[in-house]
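K.L.:
Those letters in the sequence shown? Residues 12 to 318, per my numbering, in order.
Even for Gly, the Cβ is constructed at its ideal location relative to N, Cα and C.
These numbers come from a predicted model, not from an experiment.
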Amino acid sequence: MTIRWYPGHMDKAIEKIAEAIRRTDVVIEVLDARLPSSSSNHLLEKVRRHKPCIKILNKNDLADPIVTKAWVRNFEAEAGVKALPLSAKQLSDAKKLIKLCQQIVPHRGKPGWPLRVMVCGIPNVGKSTLINTLAGRSMAKVGDKPAITTCAQQIDLRNGIVLSDTPGVLWPVMDDQVGAYRLAASGAIGSGAFDVATVGLFAAEYMLRRYPEALALRYRLEELPEDPHALLEAVGRRLGCLMAGGAIDHNRAAEAFLRELRAGKVGRISFEEPEQVVADTEAHPAGDSPQEPTPLTTPMRLKPHKQ
Ligand SMILES: Nc1nc2c(ncn2[C@@H]2O[C@H](COP(=O)(O)OP(=O)(O)OP(=O)(O)O)[C@@H](O)[C@H]2O)c(=O)[nH]1
Ligand SMILES: [Mg+2]
């Protein structure tokens, strides 16, 4: 199943962002630390021209810390880019960002010369949360689903800094379908635009390969199921996603599993690593959907947990 999600307001939002960037001193692109490549928007890269850019790897509290370090090294190798992992809900983290903006544009932030900072990125990555933390109060609407902000909004911090919150924007054609599946798994794509059972299986297959111990711990599994279908059954049983008669409700199980992953209930996980993104691009040429997960041939045995 091909995933595509580009609600009407996004086209207009990109145009407005391109226009407003002329009057911006620093662009902050908020990425999801769990999928920093798939959550990068190449359209924003285009419209930001040569404006200084800080890439925030947000929801750092949910991402695998070792993988995040690798991503920061990767981004900082790009000329003119600063990468900062943070949690938008943490004031101490958000303050680091302001310091960085002031260092990058030291001649701004004076009376009559505000430092103009635009916060942009794909939906549901935490742009409005970051703005509220910096403002010290709830100025922008926040919500645990994509496309909460649909109009840009300016917030004057009254310390020489003016922030712009912008609607989350994606791109019209999702050539990279592996990336699109990761976006759907992370919660950046509207729930009506994908089949939850398929995305649940995609996430289950990945988790079995990459974080088997975390799964075993969370769902108290002595032996991991052989394939993603069986894993979702086990999760569904554990979380009580049953139909009348006691059979597992596969859609509800997939939904519950994705909800748990997104909330960090299975631990700090990353959906992609720098080298893996290169390998996936080669394995799935443009537009190619990830295959329906195939059962693993041998049951996975668990390594003993580290205490
Ligand atoms: N765990 C965690 N959750 C976060 C963080 N930042 C934001 N969130 C949550 O992510 C969800 C989306 O946050 P928003 O601030 O509305 O995201 P947005 O980027 O403004 O989304 P749109 O307006 O839809 O583009 C909310 O449930 C936030 O509480 C973070 O650093 N860590
Ligand atoms: Mg928002």
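1) Which two residues bound the contiguous beta strand (DSSP E) that contains Leu69?
2) Once you ignore the five residues that flank Glu286 on each side, which residues in its own chain have a CB closer than 7 angstroms to its CB?
3) Let me know the alpha helix (DSSP H) ranges lying completely inside the region 238 to 279, each 4 residues or longer, listed in chain order.
4) Does DSSP put Val58 in a helix, in a strand, or in coil?
5) Any chance you could list the beta strand (DSSP E) runs of at least 3 consecutive residues sitting entirely within the region 81 to 117, in chain order?
6) Skipping 5 residues on each side, what residues in its chain have a beta carbon closer than 6 angstroms to that of Tyr222?
7) Run the proximity test for Lys138: is its beta-carbon closer than 7 angstroms to any non-hydrogen atom belonging to ligand 2?
8) Using the three-state DSSP reduction, which class does Pro14 fall into: helix, strand or coil?
9) Less than 7 angstroms between C-beta atoms, sequence neighbours within five positions excluded: which residues of the same chain meet that for Trp16?
10) For a test of your reading of the model: does the CB of Ala151 fall under 7 angstroms from any non-hydrogen atom of ligand 2? Yes or no.
11) Apart from the five residues on each side of it in sequence, which residues of its chain come closer than 8 angstroms, Cβ to Cβ, to Gln114?
12) Quick one: Cα of Asp43 to Cα of Gly120, how far?
13) At a threshold of 7 angstroms, does Asp155 count as lining ligand 2 (C-beta to nearest heavy atom)?
P.N.:
Taking the definition as stated:
1) The displayed chain sequence assigns Asn, not Leu, to residue 69. From DSSP, the beta strand (DSSP E) with Asn69 extends over 64 to 69.
2) Once the five neighbours on either side are set aside, Glu286 has no close Cβ partner at all.
3) Taking 4 residues as the shortest admissible run, the region 238 to 279 contains the following complete alpha helix (DSSP H) segments, listed from N- to C-terminal end: 239 to 250, 261 to 273.
4) Here Val58 sits in helix by DSSP.
5) As far as the region 81 to 117 is concerned, its whole beta strand (DSSP E) runs of at least 3 residues are 92 to 97.
6) The answer, listed in chain order, is Ile280.
7) At least one heavy atom of ligand 2 is nearer than 7 angstroms to the Cβ of Lys138, so yes.
8) Correcting the residue identity first, residue 14 is Ile in this sequence and not Pro. In the structure shown, Ile14 sits in coil (DSSP, three-state: anything other than H, G, I, E or B).
9) If we look at Trp16 and ignore the five residues flanking it on each side, its Cβ neighbours are Leu181, Ile200, Gly201, Ala204.
10) Yes, the Cβ of Ala151 comes within 7 angstroms of a heavy atom of ligand 2.
11) Taken in chain order, the list of residues that qualify is empty.
12) Asp43 and Gly120: Cα-Cα distance of roughly 28 angstroms.
13) No heavy atom of ligand 2 is found nearer than 7 angstroms to the CB of Asp155.
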